[in-house]
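In this note's numbering, the protein residues as written are 364 to 453.
For each residue, glycine too, the CB sits at the ideal point set by N, CA and C.
What follows is a set of notes on a single structure, which appears directly below.
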């Protein structure tokens with residue numbers, strides 16, 4: 364079924380699978396799960412693997428440690444990714 368094939372390859376499903384795999388590696392609270400899911404979507408849609416600096420992206424348990432992610436009280440409030448080869452549509 365082409366709809367099912369599309370879902371398996373779709374970015375939301377990739378993000379979901381990544382989060383499921385992360386949860387087996389790291390214990391994340393609901394807020395971190397939601398923030399990391401959104402940041403994963405951004406990363407994939409903006410060609411993150413080609414960014415100039417992708418330090419800790421998709422690697423660190425704490426998304427606030429990821430390059431360019433600004434947090435206050437563990438809430439992501441700003442992304443500083445200018446001049447980082449970010450491209451694509453979100």
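Local conformation of residue i per DSSP, three classes
i	result
residue 369	Residue placement at residue 369 cannot be trusted, given a pLDDT of 46 that sits under 50; the coordinates are not used to answer.
residue 438	strand
residue 449	coil
residue 398	helix
residue 393	helix
residue 414	coil
residue 378	helix
residue 405	helix
Counted within 10 angstroms of its Cβ, other Cβ atoms place residue i as buried (16 or more) or exposed
i	result
residue 422	exposed
residue 453	exposed
residue 383	exposed
residue 451	exposed
residue 399	buried
residue 378	buried
Residues sharing a beta bridge with residue i, DSSP
i	result
residue 433	441
Near the ligand MN: residue i beta-carbon under 7 Å from a heavy atom
i	result
residue 403	This structure simply doesn't include the ligand MN, nor any ligand for that matter.
Distance CB(residue i)-CB(residue j) smaller than 8 Å
i	j	result
residue 396	residue 429	no
residue 449	residue 414	yes
residue 437	residue 394	yes
Residue-level contact to chain C via CB, residue i, 8 Å cutoff
i	result
residue 376	Absence of chain C from the displayed structure is noted, only one protein chain being present.
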